[in-house]
Amino acid sequence: MSPARTDSFKSADELPPDVREALAATLLCLADNKRILGMRYGDWIMGAPTLEAGIACSAMAQDEWGHGRILYATLKDFGFDAGKLEHEREADEYRNSELLDAPVQTWPELLALNLLFDAALSVQVEALTDSRYEPILFKTRKLLEEERFHFEHGRGWAMRLGDTGAGRKALEAAFRKAVGPCLRWFGRPDSGFGRQLVDAGVVNADADELRRRWRERITPVFAEAGLEIPESGEAVALEWEDWDADRRRAAGGALDEVTLARIRGDKNRSMLMD
Amino acid sequence: MGHLSGERLYEIFARQKREDRLEHIGTVSAPNPELARVYAWKTYDEATWFEMVVAPRDAFRSVNRDEVPFTLHPAEGV
Chain A
104 MSPARTDSFK
114 SADELPPDVR
124 EALAATLLCL
134 ADNKRILGMR
144 YGDWIMGAPT
154 LEAGIACSAM
164 AQDEWGHGRI
174 LYATLKDFGF
184 DAGKLEHERE
194 ADEYRNSELL
204 DAPVQTWPEL
214 LALNLLFDAA
224 LSVQVEALTD
234 SRYEPILFKT
244 RKLLEEERFH
254 FEHGRGWAMR
264 LGDTGAGRKA
274 LEAAFRKAVG
284 PCLRWFGRPD
294 SGFGRQLVDA
304 GVVNADADEL
314 RRRWRERITP
324 VFAEAGLEIP
334 ESGEAVALEW
344 EDWDADRRRA
354 AGGALDEVTL
364 ARIRGDKNRS
374 MLMD
Chain B
47 MGHLSGERLY
57 EIFARQKRED
67 RLEHIGTVSA
77 PNPELARVYA
87 WKTYDEATWF
97 EMVVAPRDAF
107 RSVNRDEVPF
117 TLHPAEGV
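Residue numbers (our numbering), protein chains in the order written: chain A, 104 to 377; chain B, 47 to 124.
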């Protein structure tokens, strides 16, 4: 963990209003994506190709739920009610990636979430490790330690499937669909998105730099596994016509009803306690 | 659940404190060392390990017996 800085913001109240709003949005986006990603991992505990992979999915699900919990709790400092955030929102209020809207149908699609999207979330969290917003510093280390193994899991499976023609083809198809949403997730270039966070020393990189870091992490795995993913190239222009900057996702879509009920815990509502 | 083709068994050793000896704590099946590390860490998470290492079972050589290492159960009175 980086030592706390002498020019730190000790609480959200000390942040300039535009920085406060942008940081809360970033943390909520991370929390929502981690919460739902955890559910997608959990869905594969019994369906993974091997017992060990099922156990790994169970562990990664628990990790993501824990990270979500930590991040929702952090939002209390910004005046949010963590219970309401977790249990009382509608589908279009969640800031989850379009990649998480519906259950994952195939193992390669889960690996796309595991290797590509989970890494995007980690790149964003890493950009907070030397933040001037001090309360977040104490949260990021455990989270990133656990994420190292999520990345290794995705990498190990990419290499495993890359060993066979059929596996490589299935993985390429799943990855090529997921790369665009992952690259876009960091925000639109030249839109000033996240700029106030960088200027305030709260996040250490803008959208383009975060995208560069993500590519730097992911493209060596494509090479190791022998995967051709042209969509990951820097020369490929990203589409922004349907971009919802507030929710950091494709506009118009949202979680499906089944996912929403599960993520909010609707069936267990009577058991909720303060 | 069965093993996929191309998988190997990996033996896991760990210790909780620096002054402890490494102990054999279990086995995982994995297609490569990268996944063996992840599976070992996530499967045997009952303790806060100071150190954990994995090695493929077939890397071990028996010194005093003819049997393949790690195939005899302690209860069998090795």
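For every residue, glycine included, the Cβ atom is placed at its ideal position computed from N, Cα and C. Predicted model only: the values in this text are computed from it and were never measured.
Considering only the beta carbon of each residue, do A:L224 and A:N136 sit closer than 9 Å? yes
When you compare the segment 188-198 of chain A with the segment 124-139 of chain A, are there three or more beta-carbon pairs, one atom per stretch, that lie closer than 8 Å? yes
A:V324: which of A:R123, A:P238 and A:A261 sits nearest, CA to CA? A:A261
Could you pull the DSSP bridge partners for B:T73 from this structure? B:E57
So the candidates are A:F278, A:A310, A:A348 and A:F289; which of them puts its Cα closest to the Cα of A:G329? A:F278
Going by the DSSP bridge assignment, what does B:A101 pair with across the sheet? DSSP lists B:E57 as partners of B:A101.
Considering only their Cβ atoms, is the gap separating A:R316 from A:C132 smaller than 9 Å? Contact: no.
Burial state of A:R372 (16 or more Cβ within 10 Å): By the 16-neighbour rule on beta-carbons within 10 angstroms, A:R372 is exposed.
Under 8 Å by Cβ, that's how I've got B:E92 and B:T73 pegged, so tell me the actual separation to the nearest angstrom. Between B:T73 and B:E92 the Cβ distance is about 15 Å, and since that is not below 8 Å, they are no contact.
Just to confirm the assignment, what range does the alpha helix (DSSP H) spanning A:V207 have? Element bounds for A:V207: n/a, residue is neither H nor E.
Figure out for me which residue from A:T209, A:E275, A:F183 and A:D166 has the closest Cα to the Cα of A:W147. Out of A:T209, A:E275, A:F183 and A:D166, the CA that lies nearest to the CA of A:W147 is found in A:T209.
Alpha carbon of A:E229 to alpha carbon of A:R314, nearest angstrom: 13 Å
So for A:K187, helix, strand or coil by DSSP? helix
Which one or two residues does DSSP pair with A:R352 in a beta bridge? A:D347
Can you pull the chain B neighbours of A:E255, defined as C-beta to C-beta under 7 Å? E80, R83 and V84
Between A:E212 and B:Y85, which are expected to be in contact by the criterion C-beta below 8 Å, what is the C-beta distance as a whole number of angstroms? About 21 Å separates the two Cβ atoms, so there is no contact after all.
Could you work out which residue in A:K179, A:A134 and A:A215 is closest to A:P238 when comparing CA atoms only? From the listed residues A:K179, A:A134 and A:A215, the smallest Cα separation to A:P238 is found for A:K179.
With DSSP collapsed to three states, give me the class of A:F325. helix
Run through chain B and tell me which residues come within less than 7 Å of A:I148, C-beta to C-beta. Neighbours of A:I148 on chain B: none; closest Cβ ~12 Å, over 7 Å.
Quickly, what does DSSP pair A:Y236 with across the bridge? List them, please. Note: A:Y236 is bridge-paired with A:F112 in the DSSP secondary-structure output.
Quick check: B:P77 and B:E53, are their CB atoms within less than 9 Å of each other? yes
So A:E155 contacts chain B; which residues on that side make the cut at Cβ distance below 8 Å? V74, S75, A76, L81, Y85 and T89
Does the segment 275-290 of chain A come into contact with the segment 333-343 of chain A, if we say contact requires no fewer than three beta-carbon pairs (one atom in each stretch) closer than 8 Å? yes
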